[in-house]
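Same order as they appear, the protein sequences are chains F and G. For the first sequence, my numbering gives the first residue as 4, with consecutive numbering after it. For the second sequence, my numbering gives the first residue as 309, with consecutive numbering after it. Every residue, glycine too, gets a C-beta built ideally from N, C-alpha and C.
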Amino acid sequence: MTLALSALACRRHGRTVIEGIDLTVAPGEFVGLLGPNGAGKTTLLRAALGLLPAEGHSSLAALPARLRARAAAFMPQGREIAWPVSVETLVALGRIAHPDAAGETDHAAVEAALSALSLLPLRDRPATQLSGGEQARALLARALAQDTPLLIADEPIAGLDPAAQIEVMRLFRRLADQGRAVLASLHDLGLAARHCTRLILLHQGRIMADGRPEAVLTPENLARCFGVAAHVAQGPQGLMLQLLDTLQPVVSPDCTPPKK
Amino acid sequence: MMRPAVLLGLLGLLVAALFAGSLLTGPAGAGIGPSLAALVRGDDMLGLVMREIRLPRAALGLLVGAALGLAGAAMQGFLRNPLAEPGLIGTSASASLGAVLAIQTGLAAVVPLGLPLAALAGAALSVLAMLALAGPRGGTLSLILAGIAISALAGAGTALVLNLSPNPFAANEITFWMMGSLADRAMPHVWIAAALILPGAGLLLTTGRALDALTLGEDAAASSGIDLGRLRLRLVLGCAALIAGATAVAGSIGFVGLVVPHLLRRAAGARPSRLLVASALGGAAMVLAADIAVRLILPAQDLKLGVLTALVGAPLFLHLILKTRRQA
Numbered sequence: 004m005t006l007a008l009s010a011l012a013c014r015r016h017g018r019t020v021i022e023g024i025d026l027t028v029a030p031g032e033f034v035g036l037l038g039p040n041g042a043g044k045t046t047l048l049r050a051a052l053g054l055l056p057a058e059g060h061s062s063l064a065a066l067p068a069r070l071r072a073r074a075a076a077f078m079p080q081g082r083e084i085a086w087p088v089s090v091e092t093l094v095a096l097g098r099i100a101h102p103d104a105a106g107e108t109d110h111a112a113v114e115a116a117l118s119a120l121s122l123l124p125l126r127d128r129p130a131t132q133l134s135g136g137e138q139a140r141a142l143l144a145r146a147l148a149q150d151t152p153l154l155i156a157d158e159p160i161a162g163l164d165p166a167a168q169i170e171v172m173r174l175f176r177r178l179a180d181q182g183r184a185v186l187a188s189l190h191d192l193g194l195a196a197r198h199c200t201r202l203i204l205l206h207q208g209r210i211m212a213d214g215r216p217e218a219v220l221t222p223e224n225l226a227r228c229f230g231v232a233a234h235v236a237q238g239p240q241g242l243m244l245q246l247l248d249t250l251q252p253v254v255s256p257d258c259t260p261p262k263k
Numbered sequence: 309m310m311r312p313a314v315l316l317g318l319l320g321l322l323v324a325a326l327f328a329g330s331l332l333t334g335p336a337g338a339g340i341g342p343s344l345a346a347l348v349r350g351d352d353m354l355g356l357v358m359r360e361i362r363l364p365r366a367a368l369g370l371l372v373g374a375a376l377g378l379a380g381a382a383m384q385g386f387l388r389n390p391l392a393e394p395g396l397i398g399t400s401a402s403a404s405l406g407a408v409l410a411i412q413t414g415l416a417a418v419v420p421l422g423l424p425l426a427a428l429a430g431a432a433l434s435v436l437a438m439l440a441l442a443g444p445r446g447g448t449l450s451l452i453l454a455g456i457a458i459s460a461l462a463g464a465g466t467a468l469v470l471n472l473s474p475n476p477f478a479a480n481e482i483t484f485w486m487m488g489s490l491a492d493r494a495m496p497h498v499w500i501a502a503a504l505i506l507p508g509a510g511l512l513l514t515t516g517r518a519l520d521a522l523t524l525g526e527d528a529a530a531s532s533g534i535d536l537g538r539l540r541l542r543l544v545l546g547c548a549a550l551i552a553g554a555t556a557v558a559g560s561i562g563f564v565g566l567v568v569p570h571l572l573r574r575a576a577g578a579r580p581s582r583l584l585v586a587s588a589l590g591g592a593a594m595v596l597a598a599d600i601a602v603r604l605i606l607p608a609q610d611l612k613l614g615v616l617t618a619l620v621g622a623p624l625f626l627h628l629i630l631k632t633r634r635q636a
């Protein structure tokens, strides 16, 4: 088992953000973590990694930091790059988790990560001068270069162009097919439906549904969790999902606060 | 970006040249050959000048400059902020307060090395206060805020001593001491500075990988296997030792820790780990050069080193800001 969470709960600022999370991720799985804003996706991922104090058990958080870094790589949601290092240097930061690795192993992992995310032409550019989407790809390549059985990514495809989004989803699926595991929080339900092997629906800090995409993305679940109406159909290309309308407007149409 | 070996080699040569230049600068006005010969085996007046006056001054320039440059690079890397400077954690202000109290109470005049030892005591108190306030698990923000509070308190203490000083000579001495200088120091000053600066430098030079990892933020660093609590402790202790050692023997010398990492960042490929040793050498070069300059510009008038570094450093800093603005 790559990741096992049991009864994981996390309280921040006196508010319960996630509670009663039981979850296992096995090799070969590409798990998409879905849920509306504020559902607790980031908190779940960070608590699973031991980056937040939490109750319950996480197999990753229980590991010493050095071993955890070889068990799981993490791409945080905040796209932080403090210094104008070259893209290649940035990707090579993933190798910090392997202080004892041979130089050739490091080099091969960095080259593979650069080419997997089509960053070879950008390798000598200062990472701070790239566009937002290119930075996201570089940061993902950094996590990939860490070369771990489990990759955890917090909104990895936010801000990418459509082609790059599909390529990243395909890459994750390929990693899973090669026997690794990927756990990624996502907002694009259509891409999640087509590429993930399994989806988890997080609603108000609890797991509302967990299973194969067609079992999770039902119109009822989408209505309850996201408050949206959607058309879901099994097509020749796999599961297809088209969002149609909101059910309870978050902001009323004329942008005034909803009346009581 | 330069190859690391080339960059460090060039900086090393520059430091060696300036160290020699510092040894050969002074009112005694002897030639290069006789001076260097006298340094090794002169029993005469020149030998005394070289060994008891010039050598400690050059060695302190090297040590103090390296301490300021290294602490500045480490602090900027840790806080991921190019505006961070080593004085941020309150050590320099507290060391100054200790020294000021030693001058005011007469301790500095009575006890040999009373002044640097009092400065070290002030610095040690500030580190204890810092660890108590920011805690071993405190975040970056609490570290900065604690540093600001300690600096402000120590600064207020220094101002109070000056304010209430009944002795105008002591007040005068305090004012001049605070401007920072390497003049009239002896070998014991070198030993005191080295006793703190060398272990502090050893501690900070082990933080390179962790500082590199922090480039991508605390979560990315922690998930790469970096223990952020231990890093914070090593950083605070290392910087405090460097700054305490430098301030105790030289007073406060500003702008070196801020400007040197800036100047070298691009040549070091912006990697915090590469910047550490480069900034130590760069800081040594800057302080040695400034200490030669104060002796050449106004030989008769004891121009203070800290005044010169600020006079040169501030416009240099403005130039860097303008350059950054043009690139943005």
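Nearest candidate by alpha-carbon position, reference residue i, set the options
{"i": "L451(G)", "options": "G414(G), V498(G) and L536(G)", "result": "L536(G)"}
{"i": "T249(F)", "options": "R71(F), H206(F), C228(F) and D109(F)", "result": "C228(F)"}
{"i": "L204(F)", "options": "I21(F), C13(F), L6(F) and R15(F)", "result": "I21(F)"}
{"i": "L433(G)", "options": "L461(G), G422(G), R579(G) and A416(G)", "result": "L461(G)"}
{"i": "S188(F)", "options": "T46(F), G31(F) and A10(F)", "result": "T46(F)"}
{"i": "E170(F)", "options": "H206(F), R73(F), L194(F) and R183(F)", "result": "L194(F)"}
{"i": "R201(F)", "options": "L37(F), S9(F), A12(F) and L48(F)", "result": "L37(F)"}
{"i": "E158(F)", "options": "A68(F), P79(F) and L26(F)", "result": "P79(F)"}
{"i": "L439(G)", "options": "L519(G), I397(G) and G385(G)", "result": "I397(G)"}
{"i": "H101(F)", "options": "A146(F), L242(F) and F33(F)", "result": "A146(F)"}
{"i": "A72(F)", "options": "A575(G), L606(G) and S531(G)", "result": "S531(G)"}
{"i": "L368(G)", "options": "L616(G), T632(G), H627(G) and I600(G)", "result": "I600(G)"}
{"i": "G162(F)", "options": "L143(F), I155(F), D180(F) and R14(F)", "result": "L143(F)"}
Contact with chain G by residue i, beta-carbon distance below 7 angstroms
{"i": "L143(F)", "result": "no"}
{"i": "F175(F)", "result": "no"}
{"i": "G272(F)", "result": "In the structure displayed, chain F extends from 4 to 263; residue 272(F) sits before or after that span and is not available."}
{"i": "R209(F)", "result": "no"}
{"i": "T259(F)", "result": "For T259(F), the pLDDT reaches just 49, beneath the cut-off of 50, and the residue's location in the model is therefore unreliable, although a value from the coordinates is still provided. No, because no Cβ of chain G sits closer than 7 angstroms to the Cβ of T259(F)."}
{"i": "P56(F)", "result": "no"}
{"i": "V235(F)", "result": "no"}
{"i": "A7(F)", "result": "no"}
{"i": "I169(F)", "result": "no"}
{"i": "R126(F)", "result": "no"}
{"i": "L52(F)", "result": "yes"}
{"i": "P152(F)", "result": "no"}
Residue range of the beta strand (DSSP E) that includes residue i
{"i": "A272(G)", "result": "Residue 272(G) is absent from the structure shown; chain G starts at 309 and stops at 636."}
{"i": "V357(G)", "result": "It is not in any beta strand (DSSP E) - V357(G) carries neither H nor E in the DSSP assignment."}
{"i": "S9(F)", "result": "L6 to R15"}
{"i": "S532(G)", "result": "Taken as a continuous stretch (DSSP letters only), S532(G) belongs to no beta strand (DSSP E), as it is neither H nor E."}
{"i": "L37(F)", "result": "F33 to L37"}
{"i": "S188(F)", "result": "A184 to S188"}
{"i": "M243(F)", "result": "G241 to T249"}
Segment limits, alpha helix (DSSP H) that includes residue i
{"i": "V595(G)", "result": "P580 to I605"}
{"i": "R201(F)", "result": "Premise fails: R201(F) lies in the beta strand (DSSP E), R201 to H206, not in any alpha helix (DSSP H)."}
{"i": "A85(F)", "result": "First-last for A85(F): undefined, no H or E at that position."}
{"i": "S62(F)", "result": "Note, S62(F): premise wrong, no alpha helix (DSSP H); not H, not E."}
{"i": "V408(G)", "result": "T399 to T413"}
{"i": "F77(F)", "result": "Here F77(F) belongs to no alpha helix (DSSP H); instead the beta strand (DSSP E) covers A75 to M78."}
{"i": "V171(F)", "result": "P165 to D180"}
{"i": "G214(F)", "result": "Element bounds for G214(F): not the alpha helix (DSSP H) but the beta strand (DSSP E), R209 to G214."}
C-beta neighbour in chain F for residue i, strict 7 angstroms
{"i": "G414(G)", "result": "no"}
{"i": "D599(G)", "result": "no"}
{"i": "D527(G)", "result": "yes"}
{"i": "A530(G)", "result": "yes"}
{"i": "G443(G)", "result": "no"}
{"i": "A586(G)", "result": "no"}
{"i": "L524(G)", "result": "yes"}
{"i": "R633(G)", "result": "no"}
{"i": "R538(G)", "result": "no"}
{"i": "A462(G)", "result": "no"}
{"i": "R517(G)", "result": "yes"}
{"i": "D492(G)", "result": "no"}
{"i": "A313(G)", "result": "no"}
Test: residue i CB closer than 7 angstroms to a CB of chain C
{"i": "I99(F)", "result": "The structure shown contains no chain C; its protein chains are F and G."}
Checklist entry - Do the region 494-506 of chain G and the region 56-75 of chain F meet, that is, are 3 or more Cβ pairs less than 8 angstroms apart? => result Using a Cβ-Cβ distance cut-off of 8 angstroms, the region 494-506 of chain G and the region 56-75 of chain F are not in contact, since fewer than three pairs of beta carbons, one from each stretch, lie closer than that value.
Item to check | Contact list for the region 473-484 of chain G against chain F, Cβ threshold 8 angstroms | outcome: Per Cβ criterion, the list is empty.
Next on the checklist: I'd like to know if the region 385-395 of chain G and the region 555-570 of chain G are in contact, where contact means that at least 3 CB-CB pairs between them fall below 8 angstroms.
Outcome noted: Segments in contact, yes.
Checklist entry - So, do the region 17-32 of chain F and the region 135-144 of chain F have three or more beta carbon pairs nearer to each other than 8 angstroms? => result Output reads no: the region 135-144 of chain F does not touch the region 17-32 of chain F.
Item to check | Under 9 angstroms (Cβ pairs) to chain F, residues found in the region 556-581 of chain G | outcome: Taking 9 angstroms as the Cβ-Cβ cut-off against chain F, the residues of the region 556-581 of chain G that qualify are R573, R574, G577, A578, R579 and P580.
Checklist entry - Are the region 489-496 of chain G and the region 359-367 of chain G in contact at 8 angstroms, needing three or more beta carbon pairs? => result Enough Cβ pairs lie closer than 8 angstroms, so yes.
Next on the checklist: Does the structure place the region 546-557 of chain G close enough to the region 476-485 of chain G that three or more beta carbon pairs sit under 8 angstroms?
Outcome noted: Under the Cβ criterion (8 angstroms, minimum of three pairs), the region 476-485 of chain G does not count as touching the region 546-557 of chain G.
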